[in-house]
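Using the working numbering, read the sequence shown as starting at 934 and increasing by one per residue. A virtual CB, placed ideally from N, CA and C, is assigned to each residue, including glycine.
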Amino acid sequence: MNLRPLFIITIILFQSCKQAVQHSENALRPKIITEQTPHDTDDPAIWINEDNPEESLIIGTDKNEDGGLYVYDLNGKIIESKTVKGLKRPNNVDIEEFEMGEEEFSIAVTTERLTNKIRIFRVPEMTPIDNGGIPVFEGEELRAPMGVGLYKDADDQVFAFVGRKSGPADGYIWQYKLEGDGQGNITGKKIREFGKYSGKNEIEAIVVDDELGYVYYSDEGIGVRKYYADADKGNEELALFANQNFTEDHEGLSIYQTDLGTGYIIVSDQQANKFHLFSREGTNDNPHDHQVVKVIDLMTNESDGSEVTNASLGTLFPKGLFVAMSDDKTFHFYSWEDIAGEDLLIAPDGLPQHTKNAIHPKYITEKVVFDTDDPAIWIDKKDPSNSFIIGTDKEDGGGLYAFDLQGKIIKEKCVLDLQRPNNVDIAYDFKLNGKLVDIAVTTERSNNQLRIFSLPDMKPIDGGGLPVFTDREISDPMGIALYTDQKTNEIYAIVGPKTGPATGYLSQYKIHSSPKGTAMITKVRDFGNYSGVKEIEAIAVDNELGYIYYSDEAYGVRKYYADPKKGDEELALFGTKDFGRDIEGISIYKNDDGTGYILISDQQRNTFNIYPREGAKDAPNNHVLLKSVELLTLESDGSDVTSVAINEEFPKGMFVGMSTDKTFHIYDWRDIMPE
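Shown next, in the form of structure tokens:
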């Protein structure tokens, strides 16, 4: 029996159907259409070049047994030198930041359907770092991986969610933890199976909301399903939405962020050549109730995958970029302002990081090698103009960097090759061998100890380090603040670990001289409540008023007496509704009369919340938000501030905030709180 004529008729009918696809007169036209791939485009991902956004890249799959990952510039031109060919039906692709040892870089992960693997490439080099691929769905009859979405959690661990051509009614998606193997490659370990499947068509499109911690996937022809991205939060289905008014298949998913927690979930209505946009944040009463906001017509044909960013990518895409696959072997690039029209929000300046009102620093320090975290300002009491800034470079092999008042590194005062120094603080007039010396104390997390250095020469006076949390199973010291008793001049270190108990989270150590002539510590108490939500890192002490403040991240700011003889009663818990997500660095601007300001980093919003140091009238522990100031720092962890008149540039004091670009930002206090 000859089936060839029937086969030809089938092809003709299929092509006729494709030609019948219509676009509305109002369909948005793309700014750029890419050059064609040889076979069949499917899914794009956007890599942001943070140093030069106009040189950002689009990586897209060409889905064929001799397919590849094609790399495009923002004009849609294929960059042959970066394109990876010879992949066996690469389906979907996603990009995430990955830490391996002392390095942080971007990775692109794609599913290679015909080999039942995921492939991992370093971006922008596009070199393989997976030893030929990581097998997925091992032991299953139904494998054929298709969809992939990457997730980076609050502890900077990276996970891949992988879907397949077909699978069971429950446990359709598998989640893999990606880790370095110590040899420069990445391995994957399955940590859970989850996710319902209707059985109607297939599940391909997956997207992850890193900030909010959710994973979404399209159950084609049914709707979009939502789950927690963190495996330890369980496998409960949180929502099934987008289950009305779709023509046929639910396809590509992408998320546009307008601000912390807000934005749009974009879903392809494939056969209608439309995209439905739903509220990212849900409703006021239910964060899992995602209502449709807008439906838009695009010139894409039967779009599978899509990707979006709110980053400003230069003159072509100043307010962000939306990329969607089209079935003519291309990808279409749309400017976000065209997508938004008059109905949707546009992230400020195309970025959620800063608005035009952000306060600019007077100076930005030179970059450290790895990862800045926490600064401290040392004041030269004899000549404040000789003061300098100490900042941690938080990585194994990092150190304490010293900067002058213009942000230049003072090489002779830097202490290098410390093992993950986290936070740092300074105290004055420590009595060592009968002499008074200023000290800088840092937590050395990987060695589970404190390090103490004399100032201003930055010489070690601790005999090589002082162990902390020796009575606990897990040490990992992170936060530190120093307290000087105003009556006895005794100096104490208040230290916080990476994790700890619900009560007694912090430990307080007295710093004193040893018989050997070095500094030593003696523990005097454990104290402090902990919510268990995230961790406690930022600690600050008000020496003159005698209080300790610390950030219980994602929960609130807690206040205690600094003098251990006054007991362990919690005096205040404030700021519980004032922050977007992580509550970080704390610093205290002090006036001589006991008034002043407590500045606390609202990390992901790039703002600092300011509270009255003195509290309210007749209620010194009632700290109510005064104002928020937006700075040019990026996701600031630690900070420090002084009210001392340092020089003509900083006559009312200085504020220093960490920034994620390996720098610290130095501000004139008058810019933060104008008189």
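Just verifying my parser: in three-state terms, what is the DSSP assignment at residue 1400?
Here the question's residue 1400 lines up with position 467 in the sequence shown. Strand, per DSSP.
Could you tell me which residues DSSP puts in a beta bridge with residue 1654?
Absent from the structure is residue 1654, since the part of the chain shown begins at 934 and ends at 1608.
Give me the residue from 1050, 1265, 1170 and 1413 with the minimum Cα distance to residue 1069.
Taking the sequence shown and counting its residues from 1, the one referred to as residue 1069 is at position 136. That would be 1050, whose Cα lies nearest to the Cα of residue 1069.
Would you call residue 1400 buried or exposed, if buried means 16 or more other Cβ atoms sit within 10 Å of its Cβ?
Counting from one through the sequence shown, the residue named residue 1400 turns up at place 467. With fewer than 16 Cβ atoms within 10 Å of its Cβ, residue 1400 is classed as exposed.
For residue 1183, count neighbouring C-beta atoms within 10 Å of its own C-beta (all shown protein chains included) and say buried if the count is 16 or more, exposed if not.
Walking along the sequence shown from the start, residue 1183 turns up at place 250. Looking at its Cβ environment, which holds 16 or more other Cβ atoms inside 10 Å, residue 1183 is buried.
In the DSSP assignment, the beta strand (DSSP E) including residue 1257 goes from what residue to what residue?
On the sequence shown, position 324 is the one that residue 1257 refers to. Boundaries of the beta strand (DSSP E) around residue 1257: 1254–1259.
By how many angstroms is the C-alpha of residue 1315 removed from the C-alpha of residue 1367?
For the purposes of this step, residue 1367 is taken as residue 434 along the sequence shown, with counting starting at 1. For the purposes of this step, residue 1315 is taken as residue 382 along the sequence shown, with counting starting at 1. Distance between the alpha carbons of residue 1367 and residue 1315 is about 21 Å.
Can you find the residues in the same chain that come closer than 6 Å, C-beta to C-beta, to residue 1272, ignoring five residues on each side of it along the sequence?
If you number the sequence shown from 1, residue 1272 lands on position 339. Cβ neighbours of residue 1272 beyond the five flanking positions: 1255.
Measure the CB-CB distance between residue 1618 and residue 1439 and report whether it falls below 8 Å.
No statement about residue 1618 is possible, as the shown extent of the chain runs from 934 to 1608 and does not include it.
C-alpha gap between residue 1564 and residue 1521, whole angstroms
For this step, residue 1564 is matched to residue 631 along the sequence shown. For this step, residue 1521 is matched to residue 588 along the sequence shown. A straight line joining the alpha-carbon of residue 1564 with that of residue 1521 spans about 17 Å.
Considering just the uninterrupted stretch of the beta strand (DSSP E) at residue 1414, what are its terminal residues?
Residue 1414 sits at position 481 when you count from the first residue of the sequence shown. 1410–1417 is the extent of the beta strand (DSSP E) around residue 1414.
Would you kindly work out how many angstroms separate the C-alpha atoms of residue 1124 and residue 1164, rounded to a whole number?
Along the sequence shown, read from residue 1 onward, the residue named residue 1124 stands at position 191. Along the sequence shown, read from residue 1 onward, the residue named residue 1164 stands at position 231. Those two C-alpha atoms are separated by around 8 Å.
Evaluate the contact criterion for the stretch 1314–1331 versus the stretch 1348–1363: three or more CB pairs, one atom per stretch, below 8 Å.
yes
When you compare the CB positions of residue 1465 and residue 1435, do they come within less than 8 Å of one another, or not?
Numbered from 1 along the sequence shown, position 532 holds the residue referred to as residue 1465. Numbered from 1 along the sequence shown, position 502 holds the residue referred to as residue 1435. Going by C-beta atoms, residue 1465 is nearer than 8 Å to residue 1435.
Excluding the five sequence neighbours on either side, which residues of its own chain have a C-beta within less than 6 Å of the C-beta of residue 1543, listed in chain order?
The residue you call residue 1543 lines up with position 610 of the sequence shown. Closer than 6 Å at the Cβ level, and outside the excluded window around residue 1543, lie 1530, 1532, 1559 and 1560.
Using a Cβ-Cβ cutoff of less than 6 Å, which residues in the same chain neighbour residue 1262 once the five nearest sequence positions on both sides are dropped?
Taking the first residue of the sequence shown as 1, we reach residue 1262 at position 329. Within the same chain, residue 1262 has close Cβ partners 969, 970 and 974.
Tell me the start and end of each unbroken beta strand (DSSP E) in the stretch 1313–1388 that is at least 3 residues and wholly inside, in chain order.
1321–1326, 1329–1336, 1348–1352, 1354–1365, 1368–1377 and 1382–1388
Check whether the Cβ atoms of residue 1007 and residue 1303 lie closer than 8 Å to each other.
Here residue 1007 refers to the residue found at position 74 when the sequence shown is read from its first residue. Here residue 1303 refers to the residue found at position 370 when the sequence shown is read from its first residue. No.
Alpha-carbon to alpha-carbon, residue 981 and residue 1386
Counting from one through the sequence shown, the residue named residue 1386 turns up at place 453. Counting from one through the sequence shown, the residue named residue 981 turns up at place 48. Pairing residue 1386 with residue 981, the inter-Cα distance amounts to about 40 Å.
Could you say which of 1508, 1381 and 1371 lies nearest to residue 1393 if we only look at CA atoms?
The sequence position of residue 1393 within the sequence shown is 460, counting from 1. If we check each option's Cα against that of residue 1393, 1371 comes out closest.
Keeping to the same chain, check which residues put their C-beta closer than 7 Å to that of residue 1575; ignore five residues upstream and five downstream.
Position 642 of the sequence shown, counting from 1, holds the residue named residue 1575. Cβ neighbours of residue 1575 beyond the five flanking positions: 1310, 1312, 1586 and 1587.
Can you tell me the Cα-Cα spacing of residue 1101 and residue 967, whole angstroms?
Here residue 1101 refers to the residue found at position 168 of the sequence shown. Here residue 967 refers to the residue found at position 34 of the sequence shown. Taking the straight line joining both Cα atoms gives about 37 Å.
Any idea which residues DSSP pairs residue 981 with across the strands?
Within the sequence shown, numbered from 1, the residue matching residue 981 stands at position 48. Beta-bridge pairing links residue 981 to no other residue.
Hey, residue 1317 and residue 1579 are a contact pair by Cβ (cut 8 Å); roughly how many whole angstroms apart?
Reading the sequence shown from its first residue, position 384 is the one you call residue 1317. Reading the sequence shown from its first residue, position 646 is the one you call residue 1579. 5 Å between Cβ atoms; contact.
Using 8 Å as the threshold, is the C-beta distance between residue 1595 and residue 1301 below it?
Within the sequence shown, the letter at position 662 stands for residue 1595. Within the sequence shown, the letter at position 368 stands for residue 1301. Closer than 8 Å, so yes.
Roughly how many whole angstroms lie between the Cα atoms of residue 1423 and residue 1475?
As a working note, residue 1423 is residue 490 in the sequence shown. As a working note, residue 1475 is residue 542 in the sequence shown. Rounded to the nearest angstrom, the two C-alpha atoms are 15 Å apart.
Residue nearest to residue 1545 in terms of C-alpha spacing, selected from 1180, 1508, 1567 and 1589:
Counted from its first residue, the sequence shown places residue 1545 at position 612. Of the listed residues, the one whose Cα sits closest to residue 1545 is 1508.
Burial state of residue 1373, where buried means 16 or more other Cβ atoms lie within 10 Å
What you label residue 1373 is simply residue 440 of the sequence shown in a count that begins at 1. Buried: at least 16 other Cβ atoms inside 10 Å.
For a test of the three-state rule: what should DSSP assign to residue 1605, helix, strand or coil?
Position 672 of the sequence shown, counted from the start, is the residue given in the question as residue 1605. Three-state DSSP puts residue 1605 in a helix.
May I ask you to report which of helix, strand or coil DSSP gives residue 1598?
For the purposes of this step, residue 1598 is identified with residue 665 of the sequence shown, where counting begins at 1. In this structure, residue 1598 counts as strand in the three-state DSSP scheme.
Option in 1556, 1420 and 1569 with minimal Cα separation from residue 1498:
Working through the sequence shown from its first residue, we reach residue 1498 at position 565. Ranking 1556, 1420 and 1569 by Cα distance to residue 1498 puts 1420 first.
Contact set for residue 1018: own chain, Cβ-Cβ below 7 Å, skip 5 residues either direction:
By one-based count along the sequence shown, residue 1018 stands at place 85. Hits under 7 Å: 1001.
Give a yes or no on whether the C-beta atoms belonging to residue 1004 and residue 1044 are separated by under 8 Å.
As a position in the sequence shown, residue 1004 is number 71, starting the count at 1. As a position in the sequence shown, residue 1044 is number 111, starting the count at 1. Result no, Cβ atoms of residue 1004 and residue 1044 do not sit closer than 8 Å.
At the level of alpha carbons, what is the spacing between residue 1192 and residue 1211?
In the sequence shown, residue 1192 corresponds to position 259, counting from 1. In the sequence shown, residue 1211 corresponds to position 278, counting from 1. Answer to the nearest angstrom: the Cα atoms are 15 Å apart.
If residue 1501 and residue 1493 are in contact, beta carbons under 8 Å, what's the gap, nearest whole angstrom?
What you label residue 1501 is simply residue 568 of the sequence shown in a count that begins at 1. What you label residue 1493 is simply residue 560 of the sequence shown in a count that begins at 1. Correct: roughly 7 Å between the Cβ atoms.
Cutoff 8 Å: residue 1100 Cβ touching any chain B Cβ
Given the protein chain composition of this structure (a single chain), no chain B is represented.
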